[in-house]
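J.: This structure is in structure tokens; I'll ask about it shortly.
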Amino acid sequence: MSEPTPEIPTTPVDPTLGQRTVTAAQWRLASAVAQALLQFGVGVLLARLLPPADFGLVALALVVVGLATLVADLGLGPAVIQRNDLTERHLRAAFTASVLLGCLLALVLIALSSLLGPLLRSPELPAVLRLQSLLFVFGGLGVTARALLNRRLRASASFWITLASYLVGYAGVSTVLALAGYGVWSLVWGALMQALLESLLALAVVRPPLRPLWARVELRDLFGFGATASLNSVVNYVARNGDNLLVGRWLGEAALGLYGRAYNLMTLPLNYVGTLSQSVLFPAMSRIQDDRARLGRAYLAAVQVTALAAAPVMAGMAAAAPHLAVGLYGPAWAGLAVPLQVLCAAGLLRAVYHVAGPVSAATGNVGLELRRQVVYALLVVALGFGGTRWGITGVAAGVTLAIAYMYFAMAAVALR
């Protein structure tokens with residue numbers, strides 16, 4: 001006799017959804033600002049305790065770990081957020097699969113670590129990667145709990161969990177170990193403790209069902225959406241990093257330093273838009289995915305708010321680019337001013353097309369976005385490569401054209 005599949009209580013679609021979404025957005029924005037300030041302060045402190053080489057080694061390892069993280073749970077977290085008829089069996093199957101996938105990916109990384117060291121010309125890298133593989137195990141424990149926090153728009157709980165795990169896990173552990181002379185391992189252990197603490201706190205707050213279950217039907221329900229969402233993230237990762245690879249390969253490290261700093265300055269105020277889109281708009285729109293009229297109004301309202309916030313920031317940054325470059329970084333960085341001005345022309349379009357992502361995800365149409373992400377990634381590489389003959393300004397212009405394509409393509413998807 002099969003087990004009953006009780007429905008997990010979900011928040012009904014009611015008139016308070018809009019207010020709860022605004023409240024969640026306020027908490028998410030506060031979280032983003034707090035994290036930025038904390039990361040800056042802790043970064044300054046650790047930079048005084050550890051040499052640049054230690055940070056460089058961890059950054060190199062994070063390139064590998066960052067790409068692997070995109071496929072660590074095969075989109076189970078977003079699938080839990082998006083699914084309308086979520087049952088207890090779905091949650092148990094998602095928890096079981098995410099833990100097993102985390103363990104499997106950790107073993108794969110350990111096996112490949114000895115090959116990645118010579119490939120990236122870093123003899124110390126394999127040992128760091130072997131220890132960092134635990135990130136996937138610790139992260140897998142909290143995939144379901146963190147997804148439920150987002151699904152229920154419990155942004156205040158997410159705020160305190162993120163704050164506590166960073167302060168105690170990363171800042172506290174890394175600082176103590178750095179003072180004790182553990183060098184690069186202080187950074188590695190700090191990241192591990194942050195991941196473990198974040199998962200444990202999320203589990204304690206949400207208390208999802210943890211009894212293991214391998215259910216083919218429920219896993220097929222989740223992976224049908226999740227695998228496409230995960231692949232979409234990988235393609236977007238290629239699009240976001242393809243131009244850096246081109247600049248570094250064809251124009252040199254100095255040019256990459258200027259281009260990378262210009263791009264980071266352009267995206268810095270827009271990162272909050274991406275954070276709010278994924279953590280607030282996606283779960284809120286998932287709750288009204290069947291009410292297309294209401295969903296359409298929510299999308300257009302989000303576009304208006306985003307445009308009103310991003311347009312003056314991008315215009316101001318473009319006008320002040322020469323002064324920002326020299327004033328913030330010194331005369332040696334004056335060369336980033338013109339590329340920054342070019343990229344700011346695409347900043348508004350980039351901010352607005354991010355709002356369309358939650359619409360396609362909430363309605364289960366990630367495949368439509370994936371096809372456009374593939375074209376976008378190809379355009380970034382092709383147009384960026386074509387622009388290398390005019391230096392980093394030419395690359396910036398090529399990337400701007402690719403972003404313009406993505407704006408129109410995602411707007412068409414959302415309006416459908």
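At position 299 of the sequence shown the residue is numbered 299 (the numbering used here), and the sequence of numbers has no breaks.
Ideal placement from N, C-alpha and C gives every residue a C-beta, glycine not left out.
Keep in mind it's a predicted model, so treat the numbers as computed, not measured.
1. Would Val-395 and Val-247 qualify as a contact pair, given that the criterion is a beta-carbon distance under 7 angstroms?
2. Within the same chain, show all residues whose beta-carbon is closer than 7 angstroms to that of Thr-21, passing over the 5 residues directly before and after it, in chain order.
3. Please state whether DSSP places Thr-363 in a helix, a strand or coil.
4. Inspect the CB distances between the segment 352-369 and the segment 221-233 and report whether three or more fall short of 8 angstroms.
5. With the cut-off set at 7 angstroms, would you say Pro-208 and Leu-148 are in Cβ contact?
6. Could you say if the segment 112-127 and the segment 255-266 meet the contact criterion of at least three C-beta pairs nearer than 8 angstroms?
7. What ranges does the alpha helix (DSSP H) occupy inside the segment 170-252, keeping only unbroken runs of at least 4 residues that lie completely in it?
8. Report the three-state DSSP secondary structure of Thr-96 (helix, strand or coil).
9. Taking C-beta to C-beta, are Phe-138 and Leu-70 nearer than 7 angstroms?
10. DSSP three-state call for Thr-144: helix, strand or coil?
11. Spatial neighbours of Met-410 within its chain, please: CB distance less than 8 angstroms, with the 5 preceding and 5 following residues excluded, ordered by chain position.
12. Going by beta carbon distance, what residues of the same chain come within less than 7 angstroms of Val-238, once the five residues before and after it are set aside?
13. Could you give the distance in angstroms between the alpha-carbon of Arg-297 and the alpha-carbon of Leu-328?
14. Any idea if Phe-136 is buried or exposed, counting beta-carbon neighbours within 10 angstroms, 16 or more meaning buried?
15. Going by DSSP, what residue range makes up the alpha helix (DSSP H) through Trp-160?
16. Leaving aside the five residues before and after Val-381 along the sequence, list all residues of the same chain whose C-beta is less than 6 angstroms from its C-beta, in chain order.
17. Is the Cβ-Cβ distance between Tyr-166 and Gly-190 less than 7 angstroms?
18. Along the alpha helix (DSSP H) that carries Arg-297, what are the first and last residues, could you check?
19. Could you tell me whether the Cβ atoms of Ala-334 and Ala-325 are closer together than 7 angstroms?
20. Check whether the Cβ of His-354 sits closer than 6 angstroms to any heavy atom of the ligand HEM, and report yes or no.
21. Look at Ser-286 and Ile-81 and say whether their C-beta atoms are less than 7 angstroms apart.
22. Between Trp-74 and Ser-199, is the Cβ-Cβ spacing less than 7 angstroms?
23. Grouping DSSP H, G and I as helix and E and B as strand, with all else coil, what is Thr-16?
24. Just tell me which of Leu-348, His-323, Gly-391 has its CA closest to the CA of Met-314.
25. Does the Cβ of Gly-398 have 16 or more other Cβ atoms within 10 Å, making it buried, or fewer, making it exposed?
26. CA-CA distance, Pro-6 and Arg-83?
27. In chain order, what residues of the same chain lie with their CB nearer than 6 angstroms to the CB of Val-65, ignoring the 5 residues before and after it?
28. Thinking just about the alpha-carbon of each residue, which of Gly-43, Val-108, Leu-91 is nearest to the one in Ala-215?
29. Could you spell out where the alpha helix (DSSP H) holding Val-413 opens and where it closes?
30. Could you compute how far the alpha carbon of Leu-401 sits from the alpha carbon of Ile-392?
31. Drop a sphere of 10 angstroms on the beta-carbon of Asn-150, count the other beta-carbons inside from all chains shown, and report buried for 16 or more, exposed for fewer.
32. Which partner residues does Thr-388 have in the DSSP bridge list?
T.: Taking the structure as given:
1. Residue 395 sits at position 395 when you count from the first residue of the sequence shown. Residue 247 sits at position 247 when you count from the first residue of the sequence shown. Against a cut-off of 7 angstroms, the Cβ pair of Val-247 and Val-395 comes out as a contact.
2. By 1-based counting over the sequence shown, the position of residue 21 is 21. The beta carbon of Thr-21 sits closer than 7 angstroms to those of Leu-153, Val-280, Ala-284, all from its chain and outside the five residues before and after it, given in chain order.
3. For the purposes of this step, residue 363 is taken as the residue at position 363 of the sequence shown. Looking at Thr-363 - three-state DSSP - the assignment turns out to be coil, as it is neither helix nor strand.
4. yes
5. By one-based count along the sequence shown, residue 208 stands at place 208. By one-based count along the sequence shown, residue 148 stands at place 148. Yes, they are a contact pair.
6. no
7. 173-179, 184-206, 216-250
8. Indexing the sequence shown from 1 puts residue 96 at position 96. Correct three-state label for Thr-96: helix.
9. Sequence index remark: in the sequence shown, residue 138 carries index 138 (1-based). Sequence index remark: in the sequence shown, residue 70 carries index 70 (1-based). No. Outside cutoff.
10. Position 144 of the sequence shown, counted from the start, is the residue given in the question as residue 144. DSSP places Thr-144 in helix when its eight states are reduced to three.
11. Mapped onto the sequence shown, residue 410 falls at position 410. If we look at Met-410 and ignore the five residues flanking it on each side, its Cβ neighbours are Tyr-353, Ala-356, Gly-357, Ser-360, Glu-369, Arg-372.
12. Translated into positions along the sequence shown, residue 238 becomes position 238. These residues qualify, in order along the chain: Ala-377.
13. The residue you call residue 297 lines up with position 297 of the sequence shown. The residue you call residue 328 lines up with position 328 of the sequence shown. Distance from the CA atom of Arg-297 to the CA atom of Leu-328, rounded to whole angstroms, is 41 angstroms.
14. Position 136 of the sequence shown, counted from the start, is the residue given in the question as residue 136. It counts as buried.
15. Reading the sequence shown from its first residue, position 160 is the one you call residue 160. Taken as a continuous stretch (DSSP letters only), the alpha helix (DSSP H) holding Trp-160 covers 155-164.
16. Position 381 of the sequence shown holds residue 381. Around Val-381: Gly-242.
17. If you number the sequence shown from 1, residue 166 lands on position 166. If you number the sequence shown from 1, residue 190 lands on position 190. No.
18. Taking the sequence shown and counting its residues from 1, the one referred to as residue 297 is at position 297. Start and end: 292-329.
19. Along the sequence shown, one-based indexing puts residue 334 at 334. Along the sequence shown, one-based indexing puts residue 325 at 325. In this structure, Ala-325 lies closer than 7 angstroms to Ala-334 by Cβ.
20. This structure does not include the ligand HEM; it has no bound ligands of any sort.
21. To locate residue 286, count along the sequence shown from 1; it is residue 286. To locate residue 81, count along the sequence shown from 1; it is residue 81. Cβ atoms of Ser-286 and Ile-81: closer than 7 angstroms.
22. What you label residue 74 is simply residue 74 of the sequence shown in a count that begins at 1. What you label residue 199 is simply residue 199 of the sequence shown in a count that begins at 1. According to the sequence shown, residue 74 is Leu rather than Trp. Not a contact, by the Cβ cut-off of 7 angstroms.
23. Residue mapping note: residue 16 aligns to position 16 of the sequence shown, counting from 1. The answer is coil: DSSP assigns Thr-16 none of H, G, I, E or B.
24. Sequence index remark: in the sequence shown, residue 314 carries index 314 (1-based). Of Leu-348, His-323, Gly-391, the residue nearest in Cα terms is Leu-348.
25. Your numbering for residue 398 matches position 398 in the sequence shown. The residue in question, Gly-398, is buried, as its Cβ has 16 or more Cβ neighbours within 10 Å.
26. Counting from 1 along the sequence shown, the entry for residue 6 is found at position 6. Counting from 1 along the sequence shown, the entry for residue 83 is found at position 83. In this prediction, Pro-6 scores a pLDDT of 43, lower than 50, which makes its location untrustworthy; no coordinate-derived value is stated.
27. On the sequence shown, position 65 is the one that residue 65 refers to. Around Val-65: Gln-132.
28. Taking the sequence shown and counting its residues from 1, the one referred to as residue 215 is at position 215. Of the candidates Gly-43, Val-108, Leu-91, the one whose C-alpha sits nearest the C-alpha of Ala-215 is Leu-91.
29. Residue mapping note: residue 413 aligns to position 413 of the sequence shown, counting from 1. That run of the alpha helix (DSSP H) goes 391-415.
30. Mapped onto the sequence shown, residue 401 falls at position 401. Mapped onto the sequence shown, residue 392 falls at position 392. Whole-angstrom Cα-Cα distance: 14 angstroms.
31. Taking the first residue of the sequence shown as position 1, residue 150 is located at position 150. So Asn-150 ends up on the buried side.
32. The residue you call residue 388 lines up with position 388 of the sequence shown. Per DSSP, none; premise fails for Thr-388.
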